[in-house]
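To keep things clear, I will list the structure first and then write my remarks on it.
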Amino acid sequence: MSNPKVAVIGTGYVGSVTASCLALLGHQVCGFDSDATRADQLAAGQLPFYEPGLAELLRETLASGNLRFTDDPRQALEDVDVVFLCVGTPTGAGGNPDLAQLASAAWTLAPYLRDGTVVVNKSTVPVGSADWVRTLLEEALPRNAAPAFHVVSNPEFLREGSAIEDFLYPDRIVLGGDGDGVGPVAALYVPIVTQAFPRARTEVVPQLITTDLASAEMIKYAANAFLAMKISFANEVANLCELVGADARQVLPAIGADRRIGTAFLSAGVGWGGSCFGKDVTALIATGHDYGYSPDLLRASIEVNKLQRAVVIRKLQRELKILKGRRVAILGLSFKPGTDDLRDAPAIDVAHRLIAAGAVVSAYDPIVKQLPPDLAGVRIASDPYDAAHRANAVVLITEWPEFTGLEPARLAGAMSGDLLLDGRNVLPDAEFRAAGLRVLGVGW
Ligand code: UGA
Numbered sequence: 009m010s011n012p013k014v015a016v017i018g019t020g021y022v023g024s025v026t027a028s029c030l031a032l033l034g035h036q037v038c039g040f041d042s043d044a045t046r047a048d049q050l051a052a053g054q055l056p057f058y059e060p061g062l063a064e065l066l067r068e069t070l071a072s073g074n075l076r077f078t079d080d081p082r083q084a085l086e087d088v089d090v091v092f093l094c095v096g097t098p099t100g101a102g103g104n105p106d107l108a109q110l111a112s113a114a115w116t117l118a119p120y121l122r123d124g125t126v127v128v129n130k131s132t133v134p135v136g137s138a139d140w141v142r143t144l145l146e147e148a149l150p151r152n153a154a155p156a157f158h159v160v161s162n163p164e165f166l167r168e169g170s171a172i173e174d175f176l177y178p179d180r181i182v183l184g185g186d187g188d189g190v191g192p193v194a195a196l197y198v199p200i201v202t203q204a205f206p207r208a209r210t211e212v213v214p215q216l217i218t219t220d221l222a223s224a225e226m227i228k229y230a231a232n233a234f235l236a237m238k239i240s241f242a243n244e245v246a247n248l249c250e251l252v253g254a255d256a257r258q259v260l261p262a263i264g265a266d267r268r269i270g271t272a273f274l275s276a277g278v279g280w281g282g283s284c285f286g287k288d289v290t291a292l293i294a295t296g297h298d299y300g301y302s303p304d305l306l307r308a309s310i311e312v313n314k315l316q317r318a319v320v321i322r323k324l325q326r327e328l329k330i331l332k333g334r335r336v337a338i339l340g341l342s343f344k345p346g347t348d349d350l351r352d353a354p355a356i357d358v359a360h361r362l363i364a365a366g367a368v369v370s371a372y373d374p375i376v377k378q379l380p381p382d383l384a385g386v387r388i389a390s391d392p393y394d395a396a397h398r399a400n401a402v403v404l405i406t407e408w409p410e411f412t413g414l415e416p417a418r419l420a421g422a423m424s425g426d427l428l429l430d431g432r433n434v435l436p437d438a439e440f441r442a443a444g445l446r447v448l449g450v451g452w
């Protein structure tokens with residue numbers, strides 16, 4: 009298939025990154041979204057969310073002529089060779105993902121299927137869903153049409169905040185399906201696998217892993233579940249460290265120095281958040297239950313994470329005694345640095361708990377400048393020192409790089425109290441202590 013025509017259905021986070029990166033590799037890509045406003049916005053080079061480097065890449069690939077966006081299915085899907093499904097799969101009833109958007113994408117696509125069309129599912133779906141997508145497409149075809157199309161599963165491993173890096177320089181690309189379907193998709197990824205494109209990095213050696221459909225779908229869930237479990241493990245060890253008088257900042261890197269374990273995702277903090285870990289671990293638990301299996305390790309990973317968010321409140325109560333009427337400043341609101349995403353963000357949880365306890369809350373985040381209506385009582389500050397103004401306690405929740413450059417004396421000077429709680433263990437605590445603050449962290 010020389011110069012294949014590629015379409016991406018769904019231009020949210022995963023879809024817009026996929027479309028822009030494939031266009032950068034030199035492919036002809038059309039992004040389709042049934043939301044005309046979204047399609048127009050992207051066609052004009054505007055992103056409806058924040059992701060470092062993506063707006064620039066979007067404009068570059070639009071200007072190169074390799075990338076287009078439309079809300080017209082015919083323009084996007086007529087004569088298409090490879091179609092990526094990148095629609096949302098939010099948590100639905102009973103913890104299982106809601107597949108309504110996927111069903112709607114299948115109905116849009118069905119009339120355009122031809123012999124050899126490859127449908128690539130990138131949406132995170134329960135194990136077995138690719139077969140379901142095939143059935144949906146077949147059901148949506150006119151009675152006398154029976155094109156020999158292929159369905160391939162290609163899970164995404166994109167972290168918010170570094171999605172372009174993760175797409176272009178991955179550890180592995182997973183393709184599940186039969187050989188005739190996998191071949192054309194693997195061909196699209198050749199520039200990444202061989203690192204032969206304008207921004208290639210010679211030191212990156214991505215693995216191309218081909219599997220059956222169900223295994224590819226399972227890999228996605230199991231990878232996220234392992235990462236969530238690893239962080240929960242680090243937090244549990246940190247809690248034990250506090251009890252016995254050990255220091256998690258020394259213990260965890262030493263555990264991770266064992267190459268079998270590794271230091272990544274082994275930091276103690278206020279717990280994991282975001283739109284993926286909670287959703288995917290919950291979905292994998294639901295899958296287990298569907299088959300009469302109880303995934304206890306996965307359940308514990310979620311439970312430990314819930315408790316971890318309460319650690320902040322417990323520490324503030326222990327130090328300040330009564331939270332009612334106390335001023336508490338939160339530094340960092342997004343679920344992690346490098347994104348404006350507030351979905352399942354630990355800071356939101358902490359803010360709710362503080363407000364419920366009667367505290368007066370201020371917050372500063374480098375990017376998030378607005379909170380949901382139920383947190384309208386939180387004062388959004390213009391900088392960290394403004395947030396700390398007259399605060400009894402300052403709590404760092406999201407480790408934005410700029411917080412490591414905070415001036416201890418200036419922060420201490422802005423506060424009325426002296427408590428600094430570093431919820432991510434990233435601040436140089438001795439310097440803040442020297443400025444007269446009492447510094448607490450997680451796991452020490
Ligand atoms: C995650 C996975 O890392 C991606 O591979 C996957 O593709 C994506 O989910 C998805 O399923 O779409 P993401 O949720 O964007 O990506 O963010 P991560 O960087 O994985 O961080 C998740 C949470 O873990 C954040 O709240 C972060 O603060 C927290 N975390 C991370 C810790 O609490 N401790 C750590 O040591 C590392």
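Each number in my numbering comes from the position in the sequence shown (counting from 1) with 8 added on. Backbone N, C-alpha and C define an ideal beta-carbon position, used for all residues, glycine too. Quick caveat, the model's predicted, so the values are computed rather than measured.
- DSSP places residue 239 outside any beta strand (DSSP E); the residue lies instead in the alpha helix (DSSP H), whose first and last residues are 221–252.
- In the displayed model, residue 323 falls within a helix according to three-state DSSP.
- The Cβ atoms of residue 90 and residue 196 sit closer than 8 angstroms to each other.
- The C-alpha of residue 245 is placed about 16 angstroms away from the C-alpha of residue 266.
- Looking from the CA of residue 82, the closest CA among 66, 117, 58, 111 belongs to 117.
- Here the alpha carbons of residue 143 and residue 136 stand approximately 11 angstroms from one another.
- At a Cβ-Cβ threshold of 8 angstroms, residue 368 and residue 359 do not count as neighbours.
- Within the same chain, and ignoring the five residues on either side of residue 235 in sequence, the residues whose Cβ sits closer than 6 angstroms to its Cβ are 273.
- Spatial neighbours of residue 418 in its own chain (CB-CB distance under 8 angstroms, excluding positions within 5 residues in sequence) are listed in chain order as 393.
- Between residue 292 and residue 384, the beta carbon gap of about 36 angstroms keeps them out of contact (Cβ cut-off 8 angstroms).
- In the same chain as residue 61, and ignoring 5 residues on each side of it, the C-beta atoms closer than 6 angstroms to its own belong to 172, in chain order.
- Excluding its 5 nearest sequence neighbours in each direction, residue 286 has C-beta neighbours in its own chain below 6 angstroms: 352, listed in chain order.
- Pairing residue 313 with residue 280 gives a Cβ-Cβ distance under 8 angstroms.
- In this structure, the beta-carbon distance from residue 50 to residue 77 falls below 8 angstroms.
- A Cβ-Cβ contact shorter than 8 angstroms links residue 185 with residue 160.
- Positions of the beta strand (DSSP E) runs, each at least 3 residues long and wholly inside the segment 376–429, are given as 401–404 in order along the chain.
- Taking 7 angstroms as the cut-off, one finds no heavy atom of the ligand UGA near enough to the beta carbon of residue 137.
- The C-beta separation of residue 388 from residue 278 comes to about 20 angstroms, leaving the pair out of contact by the 8 angstroms criterion.
- DSSP places residue 172 in the helix class (H, G or I) of the three-state scheme.
- Within 7 angstroms of the C-beta of residue 96 there is not a single heavy atom belonging to the ligand UGA.
- Assigned with DSSP and collapsed to three states, residue 126 falls in strand.
- If the five residues before and after residue 176 are omitted, its C-beta is found closer than 7 angstroms to the C-beta atoms of 29, 200, 207, all from its own chain and listed in chain order.
- DSSP places residue 285 in the helix class (H, G or I) of the three-state scheme.
- With respect to the 8 angstroms criterion, residue 437 and residue 426 are not classified as neighbours on the basis of their beta carbons.
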